[in-house]
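Here's the structure, in structure tokens; my notes come after.
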Amino acid sequence: METIVEIGGMPYTFVTEDGATALRLDDKTTASNDTDLGTLNLPEVWLVTRSNGVPLFAVKPDICDKPFRILSAEKLYAEKIQWFEPLADFYRERLWVNPESSVEGSEVYGAYRQHTWQSIIDFAIVDRPSLVYYRNLPGDWKKQPEGGAKYLLCLVEGDPYWTDGLGQIPFAVDTFRKYWEETREVDSAVRKTGQTGLDWADGTLGGSDDGSKNVYDNFIIIRACLWASENFELMLEKRAMSGQRFGIDGATLASTVFKPASNVRLETSIDAGLLEKYKTWGA
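Written as structure tokens, this is what we have:
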């Protein structure tokens, strides 16, 4: 099988055979461990493949990285590389996505749990007790059949994401709504949700990693909070209460009601201004 990958305006042919992929140059194929740029004129690219060698997408190596690699998505994930939040750690610019990613029945299509932003939203707007977002429970989107279905990768309207990153969205939407109803102030609710995300980083209370917190999960949490702030409305209702507990004026109760407006906040990476405003972790 041959796959044409265009890098910097130049087409390169990658050949997949017997579960391995190599770059064809001048009628020869070059495996990823052959990186003599001067001799072979290799492109500066990391080609990411399925475990069977089928090319999925490509990212641009950093200046200190090995300039040419062919590696599996599992290997890329193990190295914590991501391509969708430029200000988060381990970012590498995405250069190419296999055009067959959205073609049902193709080898590439089957590598992804296919989603739209709306299908993720449909899961996220369901009212659930906070505890069900604990790892492996019904709110753990990445494990649910209607969510990530245990896939490593999701394709959302043509764009690949790590499934565990998108899995932060339902948790963040639900948690933001809770804090918004309590504080009645958006910025405070975003920050409190971010801190809760840090406290539950691995799906268990206090189970956060000891390493950097400047990771894509926490950026996706901010995305989801900002989306929720624009797609839910805070409703305040005064209720008369019997007895003296709430005084003669009763109590004002807050709730959040879904009123869809735009998905732009979910689709857009976090810029420097938003990061400075909402980050809840150190440098």
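Residue numbers for the sequence shown follow the working numbering, beginning at 225 and rising by one. Ideal Cβ positions, reconstructed from N, Cα and C, are used throughout, including at glycine.
Please classify residue i as buried or exposed, where buried requires at least 16 other C-beta atoms within 10 Å of its C-beta.
i      : result
Lys416 : buried
Leu271 : buried
Val283 : buried
Lys483 : exposed
Asn360 : exposed
Ser325 : buried
Gly165 : Residue numbering for the chain in the displayed model covers 225 to 507; residue 165 lies beyond these limits and cannot be assessed.
Val350 : exposed
In angstroms with no decimal places, state the Cα-to-Cα distance between residue i and residue j.
i      : j      : result
Leu261 : Asn442 : Only weak support exists for where Leu261 lies, its pLDDT of 49 falling under 50; the coordinates are left without a value.
Asp510 : Val327 : Residue 510 is absent from the structure shown; the chain starts at 225 and stops at 507.
Ile393 : Leu458 : 19 Å
Glu241 : Trp386 : 26 Å
Ala511 : Pro279 : Residue 511 lies beyond the stretch modelled for the chain, which goes from 225 to 507, so this question has no answer here.
Phe208 : Val229 : Here the chain has residues from 225 to 507 only, and residue 208 is not among them.
Asn292 : Tyr502 : Reading off the sequence shown, one finds Phe at residue 292, where the question assumed Asn. Taking the straight line from one Cα to the other gives about 36 Å.
Phe456 : Ser412 : 16 Å
Pro384 : Tyr440 : 14 Å
Ala335 : Leu460 : 45 Å
Leu499 : Glu409 : 18 Å
Gln306 : Ile445 : 15 Å
Pro310 : Ser493 : 7 Å
Phe238 : Gly497 : 40 Å
Ala452 : Gln368 : 21 Å
Lys290 : Gly243 : 23 Å
Glu268 : Glu298 : 21 Å
Asp495 : Glu370 : 30 Å
Ala425 : Val332 : 30 Å
Met234 : Asp364 : 42 Å
Glu405 : Tyr358 : 21 Å
Lys374 : Pro285 : 28 Å
Compare the Cα-Cα distances from residue i to each of the options and report the closest residue.
i      : options                           : result
Gly372 : Arg337, Ala348 and Thr476         : Arg337
Tyr315 : Tyr333, Cys288 and Pro323         : Cys288
Ala448 : Met234, Val488, Ser330 and Lys367 : Val488
Thr227 : Ser330, Glu303 and Phe347         : Ser330
Ser436 : Ser486, Thr504, Ser493 and Lys402 : Thr504
Asn276 : Lys290, Tyr403 and Met225         : Met225
Arg463 : Ala475, Leu490, Pro285 and Val269 : Ala475
Thr420 : Trp307, Thr399 and Gly334         : Thr399
Leu450 : Ser479, Asn360, Glu491 and Trp424 : Glu491
Ala478 : Val321, Tyr403, Arg352 and Ala396 : Tyr403
Arg318 : Ile231, Pro235 and Tyr357         : Ile231
Cys378 : Gly363, Glu454, Glu268 and Phe308 : Phe308
Asn322 : Tyr236, Gly418, Ala485 and Ser486 : Tyr236
Asp346 : Glu405, Phe395 and Asp286         : Phe395
Only counting the same chain, and skipping five residues up and downstream in sequence, which positions put a Cβ closer than 8 Å to that of residue i?
i      : result
Asn265 : Leu249
Val380 : His339, Thr340, Trp341, Ile344 and Leu390
Ser296 : Val272, Thr273, Arg274 and Ser275
Leu422 : Ser432, Lys437, Asn442, Thr504 and Trp505
Gly382 : Val321, Ser325 and Ser326
Pro362 : Arg352, Val356 and Gln368
Lys304 : Asp313, Phe314 and Val439
Ser354 : Asp398, Thr399 and Lys402
Cβ of residue i versus every heavy atom of the ligand NAD: is any distance shorter than 7 Å?
i      : result
Leu249 : With respect to small molecules bound, the structure shown includes none, and the ligand NAD cannot be examined in it.
Once the 5 residues before and after residue i are set aside, which same chain residues still bring their CB inside 7 Å of it?
i      : result
Asn438 : Ala312, Asp313 and Trp505
Tyr301 : Leu376 and Trp386
Arg401 : Ala452, Phe456 and Thr480
Ala485 : Glu454 and Asn455
Can you find the residues in the same chain that come closer than 6 Å, C-beta to C-beta, to residue i, ignoring five residues on each side of it along the sequence?
i      : result
Lys366 : Gly372, Thr387, Asp388 and Gly391
Val397 : Ala348, Ala448 and Ala452
Thr407 : Ala413
Please go through the region 353-399 and give each complete beta strand (DSSP E) segment of 3 or more residues, from N-terminal end onward.
-> Entirely contained in the region 353-399, the beta strand (DSSP E) runs reaching 3 residues are, in chain order, 377-380 and 383-386.
What runs of the alpha helix (DSSP H), each 4 residues or longer, lie entirely inside the region 255-327?
-> 261-264 and 297-302, all fully within the region 255-327.
Runs of beta strand (DSSP E) wholly within the region 443-503 (minimum 3 residues, chain order) = Entirely contained in the region 443-503, the beta strand (DSSP E) runs reaching 3 residues are, in chain order, 456-463 and 475-482.
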